[in-house]
Amino acid sequence: MNAPVLEIDDLTVDFHMPEGVGCAVDHLSLTVENGETIGLVGESGCGKSMTALSILGLIPQPFGKVRFGSIRYAGENLLTAHSERLRRIRGSEIAMIFQEPMTSLNPVLTIGRQVAEPLMEHKGLNKTDAYAEALAWLEHVKLPAAREQLSQYPHQLSGGMRQRVMIAMAMVCRPRLLIADEPTTALDVTIQSQILSLMMGLKEELGMGILLITHDLGVVAQMARRVVVMYAGQVMEEADVEILFEQPFHPYTQGLMQSIPRGLKDDRGRKIRLNEIPGNVLPITEKVGGCKFSTRCPSVFETCINHHPSLKTISGGHRVRCWLLDDPDRRR
Amino acid sequence: MKRFFINRNFTVGFILSIVVIGMAVLSFLWTPHEVNEMNARHRLQGPSMAHPLGTDQYGRDVLSRVMAGAVVSIIVGLVTVAIGVVIGVLLGLASAYYGRFLDEAIMRLSDLMFGFPAVLTAILITSILGPSVINAMLAIGIFYIPIFARLTRATATSEWKKEYVLAARASGIGEWHIIGSHILPNILSPLLIQGTIQFAVAILAEAGLSYLGLGTQPPHPSWGRMLYEAQTFMEMAPWMAIFPGVAIAWAVLGFNLLGDGLRDTLDPKMVRMR
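Each protein sequence line maps, in turn, to chains A and B.
The opening position of the first sequence corresponds to residue 257 in this note's numbering, with each subsequent residue numbered one higher.
The opening position of the second sequence corresponds to residue 3 in this note's numbering, with each subsequent residue numbered one higher.
So, in structure tokens, the structure goes:
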């Protein structure tokens, strides 16, 4: 079993909408090795979540459609897999944690029931065993008073507690790959770090790979070994985490780095205004001839507008999609 | 349970309904007189100790007949709502799940049924199938199917879009299982509310059909039938009309208030009534 736990190759997902056909994920390739954490970074609407959903075969129907590419889980192509096989994989081998712990739990079912359900579904445990296992996991994710919470409903729990429940729910079947879609975005900062260290611990323990989707570079710096920066459905830059933070090449990556609040002051002691990337991600139905970032790029020049750049390798494992590679003097 | 009784509608409705249900249950065990026992000497008597609500043209005890009539009303309410809920909810869930053609077909069929005047069609059905309480229930129940189908479709469709459904699918729960044990519990309270209100409507509809001679057949006691028979004797024996009429109003009001109270308590979007 040497095949990487997840191998996405040239994935292209179209979205058929009344306004026209848009490309939500555009020739995306990425690999998650066994036990490795990959950060998938980008701002809202850049196709991160759509990538995650297409791995599980849960792209919103009937609008979304995989045009081509492949998604391999431990060597098995998920796009051609039978829907029943895919359902077996979901939750037991690939699990997912969602952004909003508030809405991702069913409001009318008890916590115990929801955590136990995947066990009954995939492992065929009876109710008693499944609840016992669920309780063990709730204790494992350090849910306070876990035994009492079994019979509680989601609205009786705080956001941090609910996210712990979500994690327990994802972990019960010991998946080999965890997709975490903005797992800490809705939580406050102290809870964020607790949840992140919990995830790191579980990763070590189960040896699972994590695809961490976030717009928070701070989270990526803590968690991931490699980072993929996505913009408008495309990979813009991909590198090991140290390289990306020390030598970000793509203007978009640099923009993201400068947008991290650091509370810096200039030499006169005045607060430095936080940098922003002007503009918004293009609507996916918008057709752009050249580089998709050209509408917002500070270093844009003619080639960018007319020609589409391809992903090129600069050094081992560091890949960038930018015309500045050929013409570094033009950087502003 | 306490939160329900804070609501005045619910409390009043609950008490009124309990009286009706209690009357029906009691009538199986005991009535002041035999329900269909005729007594020529005591006919058209006003309220007295022996006959608290008077007697009808055959000398039958009105109180006993009102009590027994409650049984008919409740059975009609239960059966018609059951027909509507079972078939309507299945159609609504299918409509929400499959979408597209099936959804379109089911909903246009519902529109068609809503287009017919319900009472006229019920009269048509009972005159074709023959007047009987069973056929009356069938006629009313058929009209409940689109009501529940629409309600289920609307609520289930919005539930399908919620993130917890996506989360359940992402953990590999089968779609039928999701419908049964995730979506259904979430749409139960609007169904319960609608069911209670349709229950009241069914009582009224059965009374109407029986009044027209298309529902319960004599000598079976039914509130609507009693009203019809009382008509001829309105001036001589007004109690014959008054008490079944009060019973109908009482039951319909009771179940309607119960439904309103349930809605006020269960629907978080409604401002809580004081």
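Note that beta-carbon positions come from the ideal geometry of N, C-alpha and C, so glycine has one too.
- Taken in chain order, the members of the segment 359–388 of chain A whose beta-carbon sits within less than 9 Å of a beta-carbon on chain B are THR359, SER360, LEU361, ASN362, PRO363, VAL364, LEU365, ARG369, GLN370, GLU373, PRO374, GLU377 and HIS378.
- Residues THR57, ASP58, GLN59, TYR60 and GLY61 of the same chain have their beta carbon placed closer than 8 Å to that of ARG45 of chain B, with the five preceding and five following residues left out of the count.
- Of the residues A:CYS578, A:THR446 and A:LEU391, the one whose Cα lies closest to the Cα of SER407 of chain A is A:LEU391.
- With contacts defined by Cβ atoms closer than 8 Å, SER550 of chain A and ILE540 of chain A do not form a contacting pair.
- Closest in C-alpha terms to PRO49 of chain B, from the list B:LEU65, B:ALA120 and B:LEU259, comes B:LEU65.
- When secondary structure is reduced to three states using DSSP, GLU292 of chain A falls in the coil class, being assigned neither helix nor strand.
- Residue environment analysis places ALA52 of chain B among the exposed positions, since fewer than 16 neighbouring C-beta atoms fall within 10 angstroms of its C-beta.
- In this structure, GLY90 of chain B places its C-beta atom within 8 Å of the C-beta atom of ILE147 of chain B.
- Note that the segment 564–579 of chain A does not touch the segment 5–14 of chain B; fewer than 3 beta-carbon pairs, one per stretch, sit closer than 8 Å.
- From the beta-carbon of SER19 of chain B, no residue of chain A is found nearer than 7 Å; the closest lies around 25 Å away.
- Remark: C-beta atoms of ALA402 of chain A and LEU394 of chain A approach each other more closely than 8 Å.
- Under DSSP, ASP265 of chain A forms a beta bridge with A:SER326.
- Counting along the chain, the unbroken alpha helix (DSSP H) around ASP113 of chain B starts and ends at 102–117.
- Going by DSSP, ALA388 of chain A is part of the alpha helix (DSSP H) stretching over 383–396.
- A residue is called buried when at least 16 other Cβ atoms come within 10 angstroms of its Cβ; ASN258 of chain B meets this threshold and is buried.
- The C-beta of GLU558 of chain A has fewer than 16 other C-beta atoms within 10 Å across all chains shown, which makes the residue exposed.
- With its beta carbon less than 8 Å from one in chain B, SER348 of chain A belongs to the interface.
- Boundaries of the alpha helix (DSSP H) harbouring SER212 of chain B: 186–213, taken from the DSSP string.
- Per the DSSP secondary-structure output, CYS279 of chain A pairs in a beta bridge with A:ASP270.
- Residues of the same chain with a CB within less than 6 Å of the CB of GLY295 of chain A, apart from the 5 flanking positions on each side, are LEU468, VAL476, ALA480 and VAL483 in chain order.
- Check the Cα spacing between HIS563 of chain A and each of A:TRP579, A:ARG552 and A:PRO274: the tightest is with A:TRP579.
- Residues of chain A with a Cβ closer than 7 Å to the Cβ of GLY176 of chain B are, in chain order, ARG343.
- Neighbours of PHE354 of chain A in chain B, taken as residues whose beta carbon is under 8 Å from its own, are GLU165, LEU168, ALA169 and ALA172 in chain order.
- Counting only the Cα atoms, ALA488 of chain A lies some 24 Å from GLU502 of chain A.
- At a cut-off of 8 Å between C-beta atoms, ALA351 of chain A counts as an interface residue with respect to chain B.
- The three-state reading of DSSP puts HIS574 of chain A in strand, counting E and B together.
- When C-beta atoms of the segment 81–96 of chain B are compared with those of the segment 239–246 of chain B, fewer than three pairs fall below 8 Å, so the two segments do not count as touching.
- Beyond the five residues adjoining it in sequence on each side, ARG328 of chain A comes within less than 6 Å, by CB distance, of GLU263 in the same chain, given in chain order.
- Interface annotation, MET425 of chain A: in contact with chain B, CB-CB separation under 8 Å.
- Leaving aside the five residues that flank VAL14 of chain B on each side, the residues in its chain whose CB is nearer than 6 Å to its CB run, in chain order, LEU259.
- The continuous stretches of beta strand (DSSP E) do not include MET306 of chain A, which lies in the alpha helix (DSSP H) extending over residues 304–311.
- Going by DSSP, GLU493 of chain A is part of the beta strand (DSSP E) stretching over 490–496.
- According to the DSSP assignment, ARG524 of chain A belongs to no beta strand (DSSP E), since it is labelled neither H nor E.
- Under a 10 Å Cβ-count criterion, LYS304 of chain A is classified as buried, with 16 or more other Cβ atoms of the shown protein chains found around its own Cβ.
- Shown here, LYS548 of chain A sits in coil according to DSSP, grouped into three states, outside any helix or strand.
- DSSP places VAL297 of chain A in the strand class (E or B) of the three-state scheme.
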